[in-house]
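To convert, count from 1 in the sequence shown and add 817; that's the working numbering. All C-beta atoms, glycine included, are put in the ideal place defined by N, C-alpha and C.
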Amino acid sequence: MPIESENSINKSSPLKPDRPYTTVALAMSADGKISDVARSAAGFGSSVDRKHLDALVALADGLLIGAGTVRAGGTPLRVLDPILLEQRQNQGKSPQPVQIVCSSRGVINPQLKFFQEPIPRWLLTTSQGAKNWQQRSEFERILTVETQTKTINWVNAFEQLASLNIKSLSVLGGGELVASLLKADLIDEFWLTVCPLIFGGATAPTPVDGEGFLSQTAPRLELLSAEKIEEEIFVHYRIKR
């Protein structure tokens, strides 16, 4: 099972002293899309993929989520399996990983279902974005780390997360967030589930959106494992450095 492979590999993964060890976990269509052209909330993976994702979530100190994913109806991924909850307890972790929403502008509807679940939530934003959440209780902590152009300074943000005892991160989308982290060289591993459907569409999001990379500078990957279970393929890569 991919869950067992994931656990065995992550136990030997080196932790980064100055930033969290960061893994991207995404399901995608056979043509490389993580959602349809309407950017609907993802939910096309099988029950096997969901159990696999649950295991990844249970290993993380924090889950990093783009605001667009939350706006599209993304719901918090809570650890519910008693075995995974016991695993976190034995590792000295809190019952649930911190759900960290990233948004430079901080424009998120507080009425979304995301805010109804009993989980720890942080907001990673800029000083301007933080103004939208002053005197509100939806986020337990608001982190403001910005560049001179008033966008999130990812390197400094990850250093701040590490100082708050976030040693491992799972990035759950979307493509713009993953692109920003890749550009800043802050991603260590990819877990991609290839699902048996075709979305198509030039504007449908992919695991890595943004401006893209030229072939000479594109990040290179090392294949750690690939496993077919029923109609899905679970692929595990590590960034080559």
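Classify residue i as buried or exposed, calling it buried when 16 or more other Cβ atoms lie within 10 Å of its own Cβ.
i, result
"E1006", "buried"
"R1037", "exposed"
"S846", "buried"
"Q898", "Reading off the sequence shown, one finds Asp at residue 898, where the question assumed Gln. Answer is exposed; the Cβ neighbour count stays below 16."
"S985", "buried"
"T1020", "exposed"
"I882", "buried"
"S954", "exposed"
Quick check on DSSP: helix, strand or coil for residue i?
i, result
"Q1033", "coil"
"S985", "strand"
"K930", "helix"
"R895", "coil"
"L1127", "Residue 1127 lies beyond the residue range present for the chain, which begins at 818 and ends at 1058; the question has no answer from this structure."
"A979", "helix"
"E1039", "strand"
"V918", "strand"
"I925", "coil"
"I826", "Confidence at I826 is low in this model, with a pLDDT of 40, below 50, so the placement of that residue should be treated as unreliable; the coordinate-derived value is given next. Residue state, collapsed to three classes: helix."
"G885", "helix"
Across which residues does DSSP place residue i in a beta bridge pair?
i, result
"S846", "C1012"
"L960", "L941"
Out of the options, state which residue places its alpha-carbon closest to the alpha-carbon of residue i.
i, options, result
"S852", "G992, S1042 and Q1033", "G992"
"E934", "R953, I925, Q913 and Q952", "Q913"
"E1047", "D866, V854 and G1027", "D866"
"V874", "I1015, W1008 and L994", "W1008"
"L1041", "K1057, R836 and Q1033", "K1057"
"G879", "R958, K850 and I969", "R958"
- Can you find at least 3 beta carbon pairs, one from the stretch 930 to 943 and one from the stretch 909 to 922, that sit closer than 8 Å? yes
- Say whether the stretch 1043 to 1054 touches the stretch 876 to 891, bearing in mind that this needs 3 or more beta-carbon pairs closer than 8 Å, one atom from each stretch. no
- Query: Would the stretch 948 to 968 and the stretch 897 to 913 be scored as touching if the rule is three or more Cβ pairs under 8 Å?
  - Reply: no
- Message: Under 8 Å: do the stretch 963 to 977 and the stretch 993 to 1012 share three or more Cβ pairs, one atom per stretch?
- Response: yes
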